[in-house]
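A short worksheet on the structure shown next.
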């Protein structure tokens, strides 16, 4: 094993994939779950992610160097297909969501008249290019992106506190927990899903569960901050009306001494980098899993096919509201992917390690 | 020679070239006009009249252009203007959205929503109210823009010509306070000046989205003091002296006593003596200022409570004290019955170069 290989790229990659989603979706997804005291659903999300991540890591740690496909394929044709097909479908859906929403963001913010196909083509080509380069390259590219864009994002983030009114933290306790009964809460659960990519990492780089959890701590803190910044600036009722609350918050910052008029520009470019890393890795994972399950299918055509389907699918979504509806329809898939897959990994990990101990 | 293995990547990169240059429907800068002030008023025939002040650069100078259009909706009026102007109308550099007083009194929720919804108008654009005829205002102020391209910016710029009396209200703040349960905003009321570009008449008190009253500049200074907005020194004249307030820190604390909200406000002012007429001691001068600010602040609050307008954000301090359902009726049920307990203290920092007249 590459004991001395630096684990930094892996940890940065986990940060990167989360960053793309946190700064992009997290605030809106969580804000729509309830009317006030939004830290409650946020903390529940964090607990869910921590629990599932714990299951996943506990499973992966018992069988070093194996990813989802390696763990599930020995189960037989039907069972492995039952487990891997939803996973692949889910990866595809997440990339679709991310891609389509980013295109919508670019359209709302910068180029209102540019046709959707041009934006989607650019994004799909970028993702496909990344996926063709392979997981290793994506990890390395992410190191560069992190060095370039994380400081920028953190600067943009801290500049938002200029307008913050901390009284909006109150009322801070909602004893009804009404978000648990709302479907929005479950459809917004995709914000916890980036941890699933960790299951594809072991063949690329060794994982240490403790290190992963330590990486997650700042990410979770960032989740809470990213959620609360629009609340502090706009107040809860106004923040709930915004489609991209985080973006709007950045737009409100007036820094006269800054060379550029709009902090938003930094934000969009940085988000684009992390979104690309995330989506490219998902596409590559799809290629990897399909190839391992059906060795006759080579990786690259699978990736290309997935990219084309992303493009077509993305074009078929007529507007923003459909995107939100799609989130409702695929709730069951998400719950399956987020809960069942880590549980299955733990179960496989336990069986395989016991078998190895017996032999 | 390109190795076959690299071929797909190369093709992908070349394809990307078609979209990367960004030459889609971009209009060059010389084909755009960038209005800096948008005036919204009502008209007789149609609902809205939108007037734009557009600085047009000519060979040597800036020419000022004022255009207006009337239509049933704001976007219709703007697209009408766009049609008639020879270049593309680009609102991304809008600095100020000016409301006619009547529009402000009717409520500006829809207008603010329009400005927030469109991606073009920046959220940090400032808002103001005027009593004057919109077109003549824009024409008059335009002349000083011709002389000094940034004169308008400087009026509201904290690093330039801004004065502590002037209330600042950005588009995003109006959006925030229209929807907030416990906070309002004050918009500056301006008119075209005779010798200067703009004159500040006072602040428009807003209750949610409606203008419900107006306060003079001395009182809007107090609003800024209460919001800790003073970043500059401000001169205050008392009976026997002129004092420069150099630092101010205001803290508010809310409490509920017998079902009535009580707001404790503590202002700490630091001042420098500029002029002195009678032979009064430093302590006497300090207590004069203290008394003056306190009585004026109490007077302001009487006005605010009557108007149900809360530009100092008093309601914010009760967010943690009231349950959420009560909070939504804060403006009607609690705010008019608020009791103000104001405590001002003044420290005289120094007396300048001499200690006595």
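Residue numbers (my numbering), protein chains in the order written: chain A, -11 to 347; chain B, 69 to 425.
From the three backbone atoms N, C-alpha and C, an ideal C-beta is built for every residue, glycine too.
If you measure beta-carbon to beta-carbon, which residues of the stretch 302 to 318 of chain A are closer than 9 Å to chain E? Considering every chain present, this structure includes no chain E. Its protein chains are A and B.
Note down the Cα distance separating residue 133 of chain A from residue 150 of chain A, rounded to an integer number of angstroms. Here residue 133 of chain A corresponds to residue number 145 of the first chain, with the count starting at 1. Here residue 150 of chain A corresponds to residue number 162 of the first chain, with the count starting at 1. Looking at the backbone, the Cα of residue 133 of chain A and that of residue 150 of chain A are separated by about 26 Å.
Listing by chain order, which chain B residues have their CB less than 7 Å from the CB of residue 118 of chain A? What you label residue 118 of chain A is simply residue 130 of the first chain in a count that begins at 1. Within 7 Å Cβ-Cβ: nothing; residue 118 of chain A doesn't reach chain B, min ~10 Å.
Would you say residue 256 of chain A reaches chain B, if we count a Cβ-Cβ gap shorter than 9 Å as a contact? In the first chain, residue 256 of chain A corresponds to position 268, counting from 1. By this cut-off, residue 256 of chain A is not an interface position.
Chain-ordered chain A contacts of residue 391 of chain B [CB-CB under 8 Å]: One-based indexing of the second chain puts residue 391 of chain B at position 323. Correct list: 159.
Using a cut-off of 9 Å between C-beta atoms, extract the partners of residue 293 of chain A located in chain B. As a first step, residue 293 of chain A must be located in the first chain, where it is residue number 305. Chain B residues near residue 293 of chain A: none, gap ~13 Å exceeds 9 Å.
Going by beta carbon distance, what residues of the same chain come within less than 8 Å of residue 376 of chain B, once the five residues before and after it are set aside? Mapped onto the second chain, residue 376 of chain B falls at position 308. Around residue 376 of chain B: 275, 280, 399, 400, 403 and 404.
Mapping DSSP to helix, strand and coil, what is residue 275 of chain B? Counting from one through the second chain, the residue named residue 275 of chain B turns up at place 207. In the structure shown, residue 275 of chain B adopts extended strand secondary structure according to DSSP, grouped into three states.
Among the residues of its own chain, which have a CB less than 8 Å from the CB of residue 338 of chain A, if the five just before and after it don't count? Looking up residue 338 of chain A in the first chain gives position 350. If we look at residue 338 of chain A and ignore the five residues flanking it on each side, its Cβ neighbours are 47 and 50.
By the 10 Å Cβ neighbour count, where 16 or more other Cβ atoms means buried, how is residue 126 of chain B classified, buried or exposed? Sequence index remark: in the second chain, residue 126 of chain B carries index 58 (1-based). When all chains shown are included, residue 126 of chain B counts as exposed.
Let me check understanding here. Comparing Cα to Cα, which of B:361, B:109 and B:422 lies closest to residue 293 of chain B? Working through the second chain from its first residue, we reach residue 293 of chain B at position 225. Ranked by Cα distance from residue 293 of chain B, the options B:361, B:109 and B:422 are led by B:361.
Below 7 Å CB to CB, which residues in the same chain sit around residue 156 of chain A once its five sequence neighbours on both sides are set aside? Position 168 of the first chain, counted from the first residue, corresponds to residue 156 of chain A. Answer for residue 156 of chain A: 219, 220, 223 and 224, listed in chain order.
Could you check where the beta strand (DSSP E) with residue 167 of chain B kicks off and where it finishes? Stepping through the second chain from its first residue, residue 167 of chain B is reached at position 99. 164 to 168 is the extent of the beta strand (DSSP E) around residue 167 of chain B.
Against chain A, with Cβ distances strictly below 9 Å, would residue 250 of chain B count as a contact? Counted from its first residue, the second chain places residue 250 of chain B at position 182. Yes, residue 250 of chain B lies at the interface with chain A (some Cβ there is under 9 Å from its Cβ).
Beta-carbon proximity list for residue 158 of chain B, same chain, < 6 Å, skipping 5 on both sides: Taking the first residue of the second chain as 1, we reach residue 158 of chain B at position 90. Here the set comprises 100 and 102.
Please report the straight-line C-alpha distance between residue 193 of chain B and residue 230 of chain B, rounded to a whole angstrom. One-based indexing of the second chain puts residue 193 of chain B at position 125. One-based indexing of the second chain puts residue 230 of chain B at position 162. Rounded to whole angstroms, the gap between the alpha carbons of residue 193 of chain B and residue 230 of chain B is 16 Å.
Do residue 176 of chain B and residue 278 of chain B count as a contact pair if the criterion is CB distance below 9 Å? Walking along the second chain from the start, residue 278 of chain B turns up at place 210. Walking along the second chain from the start, residue 176 of chain B turns up at place 108. Result yes, Cβ atoms of residue 278 of chain B and residue 176 of chain B sit closer than 9 Å.
So that I know if they touch, is there some Cβ in chain B lying closer than 9 Å to that of residue 96 of chain A? Numbered from its first residue, the first chain carries residue 96 of chain A at position 108. Chain B, which has a Cβ nearer than 9 Å to the Cβ of residue 96 of chain A, makes this yes.
Any chance you could list the beta strand (DSSP E) runs of at least 3 consecutive residues sitting entirely within the stretch 125 to 170 of chain B, in chain order? As far as the stretch 125 to 170 of chain B is concerned, its whole beta strand (DSSP E) runs of at least 3 residues are 130 to 139 and 164 to 168.
Under 8 Å by beta carbon: chain B residues contacting residue 12 of chain A: On the first chain, position 24 is the one that residue 12 of chain A refers to. When 8 Å is used as the limit between beta carbons, residue 12 of chain A is near no residue of chain B, the shortest such separation being about 17 Å.
With distances taken between CB atoms, is the gap from residue 98 of chain A to residue 259 of chain A smaller than 9 Å? Here the question's residue 98 of chain A lines up with position 110 in the first chain. Here the question's residue 259 of chain A lines up with position 271 in the first chain. Taking 9 Å as the Cβ cut-off, residue 98 of chain A and residue 259 of chain A do not qualify as a contacting pair.
Within 9 Å (strictly less), CB to CB, does residue 331 of chain A reach chain B? By one-based count along the first chain, residue 331 of chain A stands at place 343. No, because no Cβ of chain B sits closer than 9 Å to the Cβ of residue 331 of chain A.
Please classify residue 270 of chain B: does DSSP put it in a helix, a strand, or coil? Reading the second chain from its first residue, position 202 is the one you call residue 270 of chain B. Note: residue 270 of chain B maps to strand in three-state DSSP.
Cβ of residue 150 of chain A within 9 Å of any chain B Cβ: Numbered from its first residue, the first chain carries residue 150 of chain A at position 162. No, no contact with chain B.
Please report whether the beta-carbon of residue 395 of chain B lies at a distance below 9 Å from any beta-carbon of chain A. In the second chain, residue 395 of chain B corresponds to position 327, counting from 1. So yes, residue 395 of chain B belongs to the interface.
Three-state secondary structure assigned by DSSP to residue 58 of chain A: Residue mapping note: residue 58 of chain A aligns to position 70 of the first chain, counting from 1. Under the three-state reduction of DSSP output, residue 58 of chain A falls in the helix class.
Please tell me whether residue 121 of chain A has its Cβ less than 9 Å away from any Cβ of chain B. Locating residue 121 of chain A in the first chain gives position 133, counting from the first residue. Residue 121 of chain A counts as touching chain B.
Is there a Cβ of chain A sitting closer than 9 Å to that of residue 428 of chain B, yes or no? The question about residue 428 of chain B has no answer, for chain B in this structure spans 69 to 425.
Taking C-alpha atoms, which residue in B:327, B:86 and B:225 lies nearest to residue 163 of chain B? Locating residue 163 of chain B in the second chain gives position 95, counting from the first residue. Residue 163 of chain B has its Cα closest to that of B:225, out of B:327, B:86 and B:225.
Mind listing, in chain order, the continuous beta strand (DSSP E) runs of no fewer than 3 residues lying wholly within the stretch 306 to 377 of chain B? Fully enclosed beta strand (DSSP E) runs of 3 or longer: 309 to 325 and 328 to 344.
Is the beta carbon of residue 203 of chain A closer than 9 Å to that of residue 31 of chain A? Numbered from its first residue, the first chain carries residue 31 of chain A at position 43. Numbered from its first residue, the first chain carries residue 203 of chain A at position 215. Contact flag unset, no.
Quick check on residue 410 of chain B - is its C-beta less than 9 Å from some C-beta in chain A? One-based indexing of the second chain puts residue 410 of chain B at position 342. No, its Cβ sits nowhere closer than 9 Å to a Cβ of chain A.
When you compare the CB of residue -9 of chain A with every CB in chain B, is at least one pair closer than 9 Å? Here residue -9 of chain A is taken as the residue at index 3 of the first chain, counted from 1. Bear in mind that a pLDDT of 47 at residue -9 of chain A, under 50, signals an unreliable position, so the number given afterwards is only what the model happens to contain. No, because no Cβ of chain B sits closer than 9 Å to the Cβ of residue -9 of chain A.
For residue 131 of chain A and residue 138 of chain A, I'd like the C-alpha separation in whole angstroms. For the purposes of this step, residue 131 of chain A is taken as residue 143 along the first chain, with counting starting at 1. For the purposes of this step, residue 138 of chain A is taken as residue 150 along the first chain, with counting starting at 1. In a straight line, the C-alpha of residue 131 of chain A is about 10 Å away from that of residue 138 of chain A.
If we call anything under 9 Å between Cβ atoms a contact, is residue 118 of chain A one with residue 267 of chain A? Residue 118 of chain A sits at position 130 when you count from the first residue of the first chain. Residue 267 of chain A sits at position 279 when you count from the first residue of the first chain. In contact: residue 118 of chain A and residue 267 of chain A (Cβ atoms closer than 9 Å).
Closest to residue 175 of chain A by CA distance: which of A:312, A:23 and A:158 is it? Counting from 1 along the first chain, the entry for residue 175 of chain A is found at position 187. Scanning A:312, A:23 and A:158 for the CA closest to the CA of residue 175 of chain A turns up A:312.
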